[in-house]
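**Student:** Protein chains in written order, with the working numbering: chain A, 1257 to 1602; chain B, 15 to 245. Glycine included, each C-beta is placed from N, C-alpha and C at the ideal position.
Written as structure tokens, this is what we have:
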């Protein structure tokens, strides 16, 4: 599956927003031609997978990976395959289509992989009746969806233990998991304050600030350059993650790497809150090893054309800068992550 | 002021002669400052090799003079500069680099660690050099220096000797506050506090060398020089 990304990379670089390109359409049409059982209504399975995915994704609280799993569950329901192998094939097409739709999203691909892994494992068992097999898979897909929704609650419970009265928490980026930890801590009447970075170019700090004001937590906004300046007066760095990789490191919004480095230099703990479906089978060796994910930066100023702009929107934080990861499977050190990954994917 | 006190210790019979002497000396110091930048440029550009990539933060005319001299000496190097919120110093630097034909890449302040692997050094100016050998500069310098040191990249500071100050900050808040309003391009709820200090203090352990008009120093040598200046 990683090979497919590399093959698609040149065309995907040209897309900065997930718009449907002619290459994607050609790829999709080629996959349609493979299928022998085409519904007469004319709607191919993976077109509706994308639609289904978007329907689920539009719900604000739903994580991308959960939306992907729900979309794949729907794909199973719509599949016309008569054997388990056929069903797997349909599902693989749907999964690849979802991943191709947004190759930069790690949680999306991790969610797809996780579900595919489960399907492959289950279909090894023999089901006499395809309908029973499908029903079992759908049921499991919905279970995984429910587990993922509960994941955030579990992490909130684990994470809020680490917030003591009087502590100051520095956060970078906007993560709903981190938000749920802070909300639960506030609901448990803990007195703490939050410092959040502006988060150029996404202005994540402003979103976080509004949320903190809503729950009544004192919030200070700092520019991204002021992380080291304020690090002396905070007690911990708490971030979310787009993905957790095999080394135990994380991929998150750009700026996380330097915030973690600064925190470690000043002996402040770095806590990461991530659901288990974000564990991805990747092992980046340096910053450029990840597939590019770009975001246009508005400098509010016309730039000379000769100026190049570095607009990667994510960076990789190696495990030595992280202290603990709060996941729905428990609280781990970075080194324990690869053990957990092995268990998940075996 | 030190010079004035020193001079007036000598006796002048005529106040006019004394004033004239001090004015003359004041102008001399002004010339020394202009020459200082040239001296620093000559010393600093030696450290720029062909093919090197320089990361810079903030807009310093001393750093600019080093880069201009290196470019004039036909060295091939490229520059990466941070956006420099909220002053947009990066944009000024980018325009200057385009004017002298040096390849320039603009990065947001959060991307310093991300790009640090691919640069060879961090080169900054200073608003002030303090007794410990550390520097006071635009906010963000401290974390850039910290990241550079973690990744074993040298941190060079270009500062004229008149920036040496008799201060010894023990932490970030020890300096007199210098605020700059930050425009977030977005209406903020009133309950949100904003940290708007515009400078930070970089301790000497994160600095490699300081290029000054008195020579190239390690941070620990700075206090010796300061003593000589102020004695």
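(1) Here's a check: name, in chain order, each residue in its chain whose Cβ is nearer than 6 Å to the Cβ of residue 1415(A), leaving out the five neighbours to either side.
(2) For residue 109(B), return the contacting residues in chain A, with the cut-off set at a CB-CB distance below 9 Å.
(3) Residue 1605(A) to residue 1330(A), Cα distance in whole Å?
(4) Looking only at C-alpha atoms, which of 86(B), 101(B), 208(B) and 240(B) sits nearest to residue 181(B)?
(5) Along chain B, which residues have their Cβ under 8 Å away from the Cβ of residue 1424(A)?
(6) Does the region 33 to 46 of chain B touch the region 61 to 69 of chain B, meaning 3 or more C-beta pairs lie closer than 8 Å?
(7) Can you say whether residue 1560(A) is buried or exposed, counting buried as having 16 or more other CB atoms within 10 angstroms of its CB?
(8) Nearest CA to the CA of residue 203(B): which residue from 1513(A), 1472(A), 1442(A) and 1346(A)?
(9) Which residues in the same chain have their Cβ closer than 7 Å to the Cβ of residue 70(B), if we skip the five residues on either side of it in sequence?
(10) Below 8 Å on C-beta distance, what does residue 119(B) contact in chain A?
(11) Near residue 120(B), what residues of its chain come up, given a Cβ to Cβ distance below 7 Å and the 5 sequence neighbours on each side ignored?
(12) Bridge partners for residue 225(B) per DSSP, in chain order?
(13) Does residue 1533(A) pass the burial test, meaning 16 or more other C-beta atoms within 10 Å, or should it be called exposed?
(14) Flag this pair as touching only if the region 1492 to 1510 of chain A and the region 1561 to 1571 of chain A have three or more C-beta atom pairs under 8 Å; answer yes or no.
(15) In terms of alpha-carbon separation, which member of 1417(A), 1576(A), 1565(A) and 1504(A) lies closest to residue 1521(A)?
(16) Does DSSP classify residue 1475(A) as helix, strand or coil?
(17) Quick check: is the beta carbon of residue 74(B) nearer than 9 Å to any beta carbon in chain C?
(18) Given the structure, does residue 1503(A) come close to the ligand ADP, in the sense that its CB is under 8 Å from one of the ligand's heavy atoms?
(19) So which residues on chain A does residue 126(B) lean against when the C-beta distance must stay under 7 Å?
(20) What is the rounded straight-line gap between the Cα of residue 217(B) and the Cα of residue 1314(A)?
(21) Residue 164(B) versus chain A: which residues are under 8 Å apart at the beta carbon?
(22) How big is the Cα-Cα spacing for residue 1557(A) and residue 1335(A)?
(23) Just to make sure I have the definition right: I need the residues of chain A whose C-beta is within less than 7 Å of the C-beta of residue 77(B). Which are they?
(24) Using alpha carbons as the reference points, say which of 221(B), 220(B), 222(B) and 165(B) lies closest to residue 1542(A).
(25) Using 8 Å for Cβ pairs, my map puts residue 149(B) next to residue 171(B). What's the rounded Cβ distance?
(26) Under the DSSP definition of a beta bridge, which residues are partnered with residue 1513(A)?
(27) Jot down the residue ranges of each uninterrupted alpha helix (DSSP H) in the region 1334 to 1381 of chain A, minimum 4 residues, whole runs only, in chain order.
(28) How do the region 1463 to 1472 of chain A and the region 1492 to 1501 of chain A stand: do at least 3 beta-carbon pairs fall below 8 Å, yes or no?
(29) I want to verify the contact list: residues of chain B whose CB lies under 9 Å from the CB of residue 1575(A), in sequence order.
(30) For a contact defined as C-beta to C-beta under 7 Å, what are the partners of residue 196(B) on chain A?
(31) Nearest to residue 232(B) by alpha carbon, out of 183(B), 146(B) and 213(B)?
(32) For residue 1468(A), would you say it is in contact with chain B, using Cβ-to-Cβ distances shorter than 9 Å as the test?
(33) Strictly below 8 Å CB to CB, what residues from chain B border residue 1590(A)?
(34) Would you list the one or two residues that DSSP bridges to residue 1543(A)?
(35) Tell me whether the beta-carbon of residue 160(B) lies closer than 9 Å to the beta-carbon of residue 1518(A).
(36) Along the region 152 to 180 of chain B, where does the CB come closer than 7 Å to a CB of chain A? Name the residues.
**Tutor:** This is what the structure gives:
(1) 1437, 1529 and 1582
(2) 1559, 1560 and 1563
(3) No statement about residue 1605(A) is possible, as the shown extent of chain A runs from 1257 to 1602 and does not include it.
(4) 240(B)
(5) Those do not exist, as residue 1424(A) stays about 12 Å from chain B at its closest Cβ, beyond 8 Å.
(6) no
(7) exposed
(8) 1472(A)
(9) 77, 93, 95, 107, 137 and 138
(10) 1563, 1564, 1565 and 1566
(11) 95, 97, 104 and 108
(12) 172(B) and 230(B)
(13) buried
(14) yes
(15) 1576(A)
(16) strand
(17) Absence of chain C from the displayed structure is noted, the protein chains being A and B.
(18) The ligand ADP is not part of this structure, which contains no ligands at all.
(19) 1514
(20) 48 Å
(21) 1517 and 1521
(22) 52 Å
(23) Those do not exist, as residue 77(B) stays about 17 Å from chain A at its closest Cβ, beyond 7 Å.
(24) 165(B)
(25) 5 Å
(26) Per DSSP, none; premise fails for residue 1513(A).
(27) 1340 to 1357 and 1362 to 1379
(28) no
(29) Here the premise fails: no neighbours, minimum Cβ distance about 15 Å.
(30) 1479
(31) 146(B)
(32) yes
(33) The contacting residues do not exist; residue 1590(A) stays about 17 Å from chain B at best.
(34) For residue 1543(A), which the question treats as bridged, DSSP gives no partner whatsoever.
(35) yes
(36) 153, 154, 156, 157, 160, 161 and 164
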